[in-house]
Amino acid sequence: MKMCFLLGLEMLPISLVVVTFLTFITTYVISVSNGHVTPYLPYISDTGAKSPESCIFGQLLTFSTIIALFTLYIRFKLIQSLVNVDNSRIHVVNKVSFGLGIIAALGMSLVGNFQESNVLVVHVIGAFMVFGIGSVYEIFQTIMSYMMYPMYNGKKIIIIRMVLSIFSVFFFIMTFIGAGLAGKEYKGNPLAWRPEDEGFSYHILSTSSEWLLSVSFLAYFLTFIHDFQKIKINVVGVMRHFFVRADLDSFIEMSKSPLQNVPSTPLLVTQNNCNSPSAVVPQSRSSNIDPWRSPETSTSYGNIRTPVQSQEILAPNSQTPSRKKNKSEATVVSLESSTSDQQVPGTPVQSSKTTLQVQASNRQKVHQRRCAAAKNQELSEDSLLAEVPDIPSFNLFGGEEIFI
1 MKMCFLLGLE MLPISLVVVT FLTFITTYVI SVSNGHVTPY LPYISDTGAK SPESCIFGQL
61 LTFSTIIALF TLYIRFKLIQ SLVNVDNSRI HVVNKVSFGL GIIAALGMSL VGNFQESNVL
121 VVHVIGAFMV FGIGSVYEIF QTIMSYMMYP MYNGKKIIII RMVLSIFSVF FFIMTFIGAG
181 LAGKEYKGNP LAWRPEDEGF SYHILSTSSE WLLSVSFLAY FLTFIHDFQK IKINVVGVMR
241 HFFVRADLDS FIEMSKSPLQ NVPSTPLLVT QNNCNSPSAV VPQSRSSNID PWRSPETSTS
301 YGNIRTPVQS QEILAPNSQT PSRKKNKSEA TVVSLESSTS DQQVPGTPVQ SSKTTLQVQA
361 SNRQKVHQRR CAAAKNQELS EDSLLAEVPD IPSFNLFGGE EIFI
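Structure (structure tokens):
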């Protein structure tokens, strides 16, 4: 079963702008209504300094941070897929820009969750990250747009991004200059600025620059809409199959198999080159050979097939393993269907000898007997494997990826 759906990624930058803008407007209205700040264009951070607006401010800015991280990642992967691999300069700029964008997004989370009224130092660091490093991110994105012209970008979008980058840098500088000048002249409550206060003009210069900086910063993300409209995500369900070695008792319990009185030994099903029944023999627990290393012998556990290296085989009660001389040949044990042997397909082969030994001289005879048995009984490999209890699929790390 294959599951997929299509999603327009242009909604990511749109959602980022809408959520962030609504956060600023909502907290401004609530803070002014509660009398926590004056309506004379306060800092954005001032509108989320006190409860209850601080809770809304922190929650929504955290949500905006998550959307911003997704947007930054999609933008990074888009540039990575469009640009030729040989053009390493653009890839370096893309990686640096992506790192700067992550720092800026995390700064927005710090601004929202560390209010200036509680932890001022962390709040200021977060503001510098989101606005200062965010402005540098815009510059790097503009440089990449110019480097990708005219193959992937038009001249108009380059000009728009360049203007927004210049505005962001300018307003960022004016914000901190105005805040520094206003702080020297005003010694009152920083949340209750009034027109008659000293340094009020510098304060308005700083706050208006911060609001315009936010507008230019969000407007820059809107320039990604045109690029994101060309991308669709095709989500496909994936299941990872992982080789699981279990005791036969576990197989019997899971499948409710009628097999009884079988030694608790891992099953190893060996394949051969003809459509004859394959033998099921107990695998040595003392073998140190990694079954994932060599694809020389194909094995099956139920309906799961994995490459397994030819290795030593022990009888249920044996102590000494028999060693194969040629790894390219699979170890084969014949399944006899005569009533005297009383063997059931799917059960381990019982032997009175201490060790199951298949000599090189009689390998051909064993192979012929197996093929003859399959022909006479009209047994196929699939019919024999059906006797082996199936094990469920496991969603574990590792193994092969298959589509469902």
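The sequence shown finishes on residue 404 if you use the UniProt record's numbering, and the numbering steps up by one all the way, no holes. The beta carbon of each residue, even a glycine, is placed where N, CA and C say it ideally should be.
| Under a three-way DSSP split, which group does G35 fall into? | coil
| message | Can you check whether the C-beta of M148 is within less than 8 Å of a C-beta belonging to chain C? | response | The chain inventory of the structure shown lacks chain C, comprising one protein chain alone.
| query | So, is I66 buried or exposed, given that buried needs 16 or more other C-beta atoms within 10 angstroms? | reply | exposed
| query | Just the Cα atoms here: how many angstroms apart are G154 and L82? | reply | 15 Å
| said: According to DSSP, simplified to helix, strand and coil, what is T199? | reply: Thr is not the amino acid found at residue 199; the sequence shown has Gly there. Of the three classes helix, strand and coil, the one that applies to G199 here is coil, per DSSP.
| request: Please go through the segment 143 to 192 and give each complete alpha helix (DSSP H) segment of 4 or more residues, from N-terminal end onward. | output: 155 to 185
| task | Consult DSSP for S276 and reduce its assignment to one of helix, strand or coil. | result | Legend: pLDDT at S276 = 41, less than 50; position of this residue unreliable, value from coordinates given subsequently. Here S276 sits in coil by DSSP.
| Closest residue to E185 among G199, T27 and I177 (Cα-Cα distance) | G199
| Counting pairs of beta carbons, one from the segment 110 to 118 and one from the segment 46 to 56, are three or more of them closer than 8 Å? | yes
| According to the neighbour-count rule (16 or more other Cβ atoms, all chains shown, within 10 Å of its Cβ), is G134 buried or exposed? | Counting the other CB atoms within 10 Å of its CB gives G134 a total of 16 or more, which places it among the buried residues.
| message | Rounded to the nearest angstrom, what separates I173 and S209 at their Cα positions? | response | Roughly 9 Å between the two C-alpha positions.
| Are F140 and S97 touching if we call contact CB-CB under 8 Å? | yes
| request: Compute the beta-carbon to beta-carbon distance between M129 and G107, rounded to the nearest angstrom, for a pair I have assumed lies under 8 Å. | output: In this structure M129 is in contact with G107, their Cβ atoms being roughly 3 Å apart against a cut-off of 8 Å.
| query | Taking the continuous alpha helix (DSSP H) assigned at K77, which residues delimit it? | reply | Unbroken alpha helix (DSSP H) run through K77: E53 to L82.
| Between the segment 71 to 79 and the segment 213 to 229, do three or more beta carbon pairs fall short of 8 Å? | yes
| task | Check each candidate in I103, S54, L12 and I25 and name the one with the smallest Cα separation from residue 405. | result | The first residue shown for the chain is 1 and the last is 404, placing residue 405 beyond what the model contains.
| task | Look at the Cβ atom of residue 419, then the Cβ atom of L22, and state whether they are nearer than 8 Å. | result | Residue numbering for the chain in the displayed model covers 1 to 404; residue 419 lies beyond these limits and cannot be assessed.
| task | Could you tell me how far apart the beta carbons of M148 and I90 are, in whole angstroms, since I believe they sit closer than 8 Å? | result | 7 Å
| Assigned secondary structure, Q141 (DSSP; H/G/I helix, E/B strand, else coil) | helix
| If I204 sits next to L41, beta carbons under 8 Å apart, how far is it from one beta carbon to the other, in whole angstroms? | 6 Å
| Distance, G58 Cα to S109 Cα | 7 Å
| task | Kindly give me the distance between the Cβ atoms of L213 and F131, rounded to whole angstroms, as I take these residues to be in contact under 8 Å. | result | Yes, L213 and F131 are in contact; Cβ-Cβ is about 6 Å, under 8 Å.
| request: Could you tell me which of Y152, P150 and M144 sits nearest to S165, measuring between CA atoms? | output: M144
| said: I believe T27 touches S64 by the beta-carbon criterion, under 8 Å. Please report the beta-carbon distance rounded to the nearest angstrom. | reply: With a Cβ gap of about 13 Å, T27 and S64 do not count as contacting.
| request: Can you grab the Cα-Cα spacing for the pair I14 / K230, in whole Å? | output: 15 Å
| request: Might you give, ordered along the chain, the residues of its own chain that have their beta carbon closer than 6 Å to the beta carbon of E138, omitting 5 neighbours on each side? | output: S165, S168 and Y220
| query | What separation, rounded to the nearest whole angstrom, lies between the Cα atoms of F170 and G180? | reply | Each residue's Cα considered, the two are about 16 Å apart.
| If you check the beta carbons only, do W211 and T38 fall under 8 Å apart? | No, these two residues do not count as a Cβ contact at 8 Å.
| Looking only at its own chain, which residues have a Cβ that is under 7 Å from the Cβ of V32, when we skip the five neighbours before and after it? | Same-chain partners within the cutoff: P39.
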